[in-house]
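So the structure is just underneath, and the comments pick up after that.
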Amino acid sequence: MLRLVEDMQTLGYAAPVLVASNDPTAAGIARAAQLGVPTAVIDHRPFGKDRAAFETELLKPILAAKPDMLCLAGFMRVLTPDFVRRFEGRMLNIHPSLLPKYPGLHTHQRALEAGDAEAGCTVHEVTPVLDDGPILGQARVAVEPGDTAETLAARVLVQEHRLYPAVLRRVIAGNRSRIDL
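For the sequence shown, full-length UniProt numbering assigns the number 1 to the initial residue and increments by one for each residue that follows.
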């Protein structure tokens, strides 16, 4: 998320109006505040399995900020279809696999176990179906001999930091055609 904020602030194509997290320990919250971006932390844990109550609280700072677009990065909660539909066409997510391969969790380990020659990341529109929205961009890395899930994840993360800002710039400019880095 910080890479998006820094890219927007440096290039001026959009103004970040809020960085929100469900994790009170997220380091990005303090850094976003240092960059002058309003922040909000809505810890999901007190809500237990009540996703609707969590999302009601999450919506408060989002609606107050009046964003044109929501960009999910490292947000590890599955949002309900009602929440997603509210922002239909205005919510992006980055996922650490070459979708449609490996939706959900443990993507790097799954790629290694499958013997894939390459891995990567995908930016897609968020839809009510998990990791299933239209793909707006992908970036690839080779799987190297001796890779672990952690070493592969580190190389994919470098590509995430290139891909997500590139896709966001295009979407803000009205271009939703897919790019591959």
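The beta carbon of each residue, even a glycine, is placed where N, CA and C say it ideally should be. This structure is a prediction, so every number in the text was calculated from the model and none was measured.
Would DSSP call Met76 helix, strand or coil? Locating residue 76 in the sequence shown gives position 76, counting from the first residue. Here Met76 sits in coil by DSSP.
Nearest candidate by alpha-carbon position, reference Gly74, set Ala27, Ala149, Phe87, Glu55: Walking along the sequence shown from the start, residue 74 turns up at place 74. Here the closest residue by C-alpha is Ala27.
Buried or exposed: where does Ala32 fall if 16 or more other Cβ atoms within 10 Å of its Cβ makes it buried? Counted from its first residue, the sequence shown places residue 32 at position 32. So Ala32 counts as buried.
Go through the region 20 to 82 residue by residue and report every complete run of the alpha helix (DSSP H) that reaches 4 residues or more, in order. Runs of the alpha helix (DSSP H) lying entirely within the region 20 to 82, each at least 4 residues long, are 27 to 34, 51 to 65 in chain order.
Between Glu125 and Gly133, how many whole angstroms is the CB-CB distance? I'm expecting something under 8 Å. Residue numbering aside, residue 125 sits at position 125 when the sequence shown is read from its first letter. Residue numbering aside, residue 133 sits at position 133 when the sequence shown is read from its first letter. Indeed, because the Cβ distance is near 4 Å, the residues count as touching under 8 Å.
DSSP puts Asn93 in a beta bridge; with which residues? Stepping through the sequence shown from its first residue, residue 93 is reached at position 93. Leu72, His124.
So, is His161 buried or exposed, given that buried needs 16 or more other C-beta atoms within 10 angstroms? Within the sequence shown, numbered from 1, the residue matching residue 161 stands at position 161. When all chains shown are included, His161 counts as buried.
Under a three-way DSSP split, which group does Glu113 fall into? Within the sequence shown, the letter at position 113 stands for residue 113. Note: Glu113 maps to helix in three-state DSSP.
Compare the beta carbon distance of Leu152 and Leu92 with 8 Å and say whether it is the shorter of the two. In the sequence shown, residue 152 corresponds to position 152, counting from 1. In the sequence shown, residue 92 corresponds to position 92, counting from 1. No, Cβ-Cβ distance for Leu152 and Leu92 is not below 8 Å.
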